[in-house]
Amino acid sequence: MKLFENIHHYNYEWTLVSAANWQKYPNEHCPHVQHVDVLSRNVDPETGVLTTERLITVNQNVPGFIMRLLGCDTSQQYVREVSVIDPRQKTLTMTSHNLTMSNLLSVEESIVYQQDPKDQSKTQFTQQAMISAGSLVSRWANVIEDFSLKRFQQNAAVGREGFNKVLERFVVMAEGNPQHQDTAGSSS
1013 MKLFENIHHY NYEWTLVSAA NWQKYPNEHC PHVQHVDVLS RNVDPETGVL
1063 TTERLITVNQ NVPGFIMRLL GCDTSQQYVR EVSVIDPRQK TLTMTSHNLT
1113 MSNLLSVEES IVYQQDPKDQ SKTQFTQQAM ISAGSLVSRW ANVIEDFSLK
1163 RFQQNAAVGR EGFNKVLERF VVMAEGNPQH QDTAGSSS
């Protein structure tokens, strides 16, 4: 099993970052994300907590012979994501795991966007992942996990860069919105 953790700070308030998250795909830095489908969405009327379940279709650049060797006839893979946004606590928590070939390689990811505890005008991003090879490939587990961890680290960096671009565009749009200008300077 391999573990990954990354902490990053965005110089924007949590309300902007969490709202921009819904505009994350498509973006030019993450062409591997083909589709994002909402499976369910629920708002708790008492707490205001929004829970969303999505199916993300990705196209990974895995060589065809490896896919055939593993018994997969397509380069499309599926990821289930559940996000919980709590406007009172100012947290957006997203958990995801791969559905495709999870018996060979399991990737469980957790992302938390929260108001920076030291500076409320910023957002803290924490990303963690656990990568583990299945028993069918136990002989190659360490090699597969090392390769997958490196690939995950590269994708995380590219994904963060792509989200930065989305966030910058979103902030420009939000700053042009008079409703946001009324609340941008307030602290809640």
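Under our numbering, the letters of the sequence shown match residues 1013 to 1200, in that order. Every residue gets a Cβ at the ideal spot worked out from N, C-alpha and C, and that includes glycine. Keep in mind it's a predicted model, so treat the numbers as computed, not measured.
Under the three-state reduction of DSSP output, Met1113 falls in the coil class, being neither helix nor strand. Residue environment for Val1070: buried (at least 16 other C-beta atoms within 10 angstroms of its C-beta). Ile1123 and Arg1151 have their alpha carbons spaced roughly 31 Å apart. Cβ contact annotation for Met1013 (same chain, cutoff 8 Å, sequence separation greater than five): Met1142, Ile1143, Ser1144, Glu1157, in chain order. A Cβ-Cβ contact shorter than 9 Å links Ile1097 with Leu1062. Rounded to the nearest whole angstrom, the CA to CA distance from Arg1100 to Tyr1024 is 18 Å. According to the DSSP assignment, Thr1069 belongs to no alpha helix (DSSP H) but to the beta strand (DSSP E) extending over 1062-1071. Boundaries of the alpha helix (DSSP H) harbouring Glu1180: 1153-1187, taken from the DSSP string.
Straight-line measurement puts the Cα of Asn1110 at about 23 Å from the Cα of Asn1054. In this structure, DSSP gives Thr1059 a state outside helix and strand, which the three-state scheme calls coil. Here Ser1087 carries a coil assignment [DSSP, helix/strand/coil]. Assigned with DSSP and collapsed to three states, Asn1018 falls in strand. Just so you know, the alpha carbons of Pro1057 and Phe1159 end up roughly 44 Å apart.
Restricting attention to Trp1026, Ser1095, Asn1039, the CA atom closest to the CA of Ser1052 is found in Ser1095. At the C-beta level, Tyr1037 and Val1029 stay beyond 9 Å of one another. For Ser1030, the enclosing alpha helix (DSSP H) starts and ends at 1026-1033.
Of the residues Glu1093, Cys1084, Gln1127, Gln1088, the one whose Cα lies closest to the Cα of Lys1102 is Gln1127. With a contact defined as Cβ atoms closer than 8 Å, Phe1016 and Phe1164 qualify at about 6 Å.
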